[in-house]
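*Asks:*
In mature numbering (1 follows the signal peptide of the UniProt record, and there is no 0), the protein residues as written are -19 to -1, 1 to 328.
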């Protein structure tokens, strides 16, 4: 009897032992498919799957590509004091906001876009707990997409480059990767550049003008699949689609992939890796570097097409626990490992 009473007292005295660890993610995109594509929806889906595997309490708030709203959501999340706050430094707007806020005790983990090294140092010097980050190697993305397009081209490449924005590190690095590939390739020229804010609608309007007035353009390099679709709509309207190769970054669903000549992706999976890393940080399994840049990109193929279909069906057969350092033989996080973890019956 005394043992039972003692055990009950312990339960009330140690509630944190049984409470789920609480994570908030401020998603800069939309909760569903829109003119910028389904990328941020897919990121959230994979993060939810990973959080379930680790029994984490994950809350996701959407800024709907509105950076004023994103700042408001960040401020509210900090007041909620989760065990970890996952942020995306889209358009590099968060450093100044975080520096302006007082009494930030919540550890912050950056996903897909993080502040520069100098900005991270300023945040740390300000007393903000930067737990870590994971970003893709976006130079690899820009370079790989260009190379795959050049492999298919049977002629000199006169490129229309459609980037996402002027300030986000991901956009700038993708463009740098493109430029490096063009410099290394004898028969390629960037004929025109534009920015379409990741939007199919804006890409359509801008592409219509370029294709109407610069007839020598025969290749489109687009920083995401939505903008590639916008360019394709313009080409279709002008009856020029067959004359222009179109490539994009992001793994789209089959109905979109079949419209685009070359697609590369993989970075959509890094939200799940962020959850793995956050779990390891919160439970003292983390080893090695705080900040990770992952060369995750690969060309879209039949297996990755089916993986994207699974993400949308909410029926993903991946055990993300195998990537945690809680395992002595943790698997490296890669596209190849993810596909191996999906059961044969699912793919």
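Positions of the beta carbon are idealized from the N, C-alpha and C atoms, including for glycine.
Starting from residue 114 and walking both ways along the beta strand (DSSP E), at which residues does that stretch end?
*Replies:* The residue labelled residue 114 in the question sits at position 133 within the chain shown. Note, residue 114: beta strand (DSSP E), 111 to 117.
*Asks:* Taking 7 angstroms as the CB-CB limit, is residue 268 close to chain B?
*Replies:* Looking for chain B here will not work: only one protein chain is present.
*Asks:* Is the CB-CB distance between residue 28 and residue 256 below 7 angstroms?
*Replies:* Here residue 28 corresponds to residue number 47 of the chain shown, with the count starting at 1. Here residue 256 corresponds to residue number 275 of the chain shown, with the count starting at 1. A contact, by the Cβ cut-off of 7 angstroms.
*Asks:* Which runs of the beta strand (DSSP E), 3 residues or longer, sit entirely within the stretch 228 to 264?
*Replies:* 243 to 246
*Asks:* Could you check which residue in 230, 273, 299 has the C-alpha nearest to that of residue 17?
*Replies:* Looking up residue 17 in the chain shown gives position 36. Residue 230 holds the alpha-carbon nearest to the alpha-carbon of residue 17 among 230, 273, 299.
*Asks:* Give the secondary structure of residue 280 by DSSP, where H, G and I count as helix, E and B as strand, and everything else as coil.
*Replies:* The count along the chain shown starts at 1 and reaches residue 280 at position 299. It is a strand residue.
*Asks:* Just how far apart, CA to CA, sit residue 85 and residue 65?
*Replies:* Here residue 85 refers to the residue found at position 104 of the chain shown. Here residue 65 refers to the residue found at position 84 of the chain shown. Spanning the two alpha carbons is a distance of roughly 12 angstroms.
*Asks:* Using alpha carbons as the reference points, say which of 307, 251, 298 lies closest to residue 315.
*Replies:* Here residue 315 is taken as the residue at index 334 of the chain shown, counted from 1. Measuring C-alpha to C-alpha distances from residue 315 to each of 307, 251, 298 identifies 251 as the nearest.
*Asks:* If the criterion is Cβ atoms closer than 7 angstroms, does the pair residue 159 and residue 181 meet it?
*Replies:* As a first step, residue 159 must be located in the chain shown, where it is residue number 178. As a first step, residue 181 must be located in the chain shown, where it is residue number 200. Their beta carbons are not under 7 angstroms apart, which means residue 159 does not touch residue 181 by this criterion.
*Asks:* Quick check: what's the CA-CA separation for residue -5 versus residue 243?
*Replies:* Against the chain shown, residue -5 aligns to sequence position 15. Against the chain shown, residue 243 aligns to sequence position 262. Residue placement at residue -5 is flagged as unreliable, the pLDDT there being 43, under the threshold of 50; the coordinate-derived value follows with that caveat. If you take the alpha carbons of residue -5 and residue 243, they lie about 52 angstroms apart.
*Asks:* Residue 304 and residue 311: beta carbons closer than 7 angstroms?
*Replies:* Position 323 of the chain shown, counting from 1, holds the residue named residue 304. Position 330 of the chain shown, counting from 1, holds the residue named residue 311. Against a cut-off of 7 angstroms, the Cβ pair of residue 311 and residue 304 comes out as a contact.
*Asks:* What residue range does the beta strand (DSSP E) around residue 169 cover?
*Replies:* In the chain shown, counting from the first residue as 1, residue 169 sits at position 188. In this chain, the beta strand (DSSP E) harbouring residue 169 covers 169 to 176.
*Asks:* Using a Cβ-Cβ cut-off of 8 angstroms (strictly less than) and excluding sequence neighbours within five positions of residue 10, which residues of its own chain qualify?
*Replies:* Taking the chain shown and counting its residues from 1, the one referred to as residue 10 is at position 29. Within the same chain, residue 10 has close Cβ partners 17, 20, 21, 22, 24, 43, 44, 45, 46.
*Asks:* Tell me which residue opens and which closes the alpha helix (DSSP H) that residue 316 is part of.
*Replies:* One-based indexing of the chain shown puts residue 316 at position 335. Per DSSP, residue 316 belongs to the alpha helix (DSSP H) from 316 to 322.
*Asks:* What is the residue span of the alpha helix (DSSP H) that residue 90 lies within?
*Replies:* Within the chain shown, residue 90 is the residue found at index 109, counting from 1. Run containing residue 90: none in the alpha helix (DSSP H); it sits in the beta strand (DSSP E), 89 to 92.
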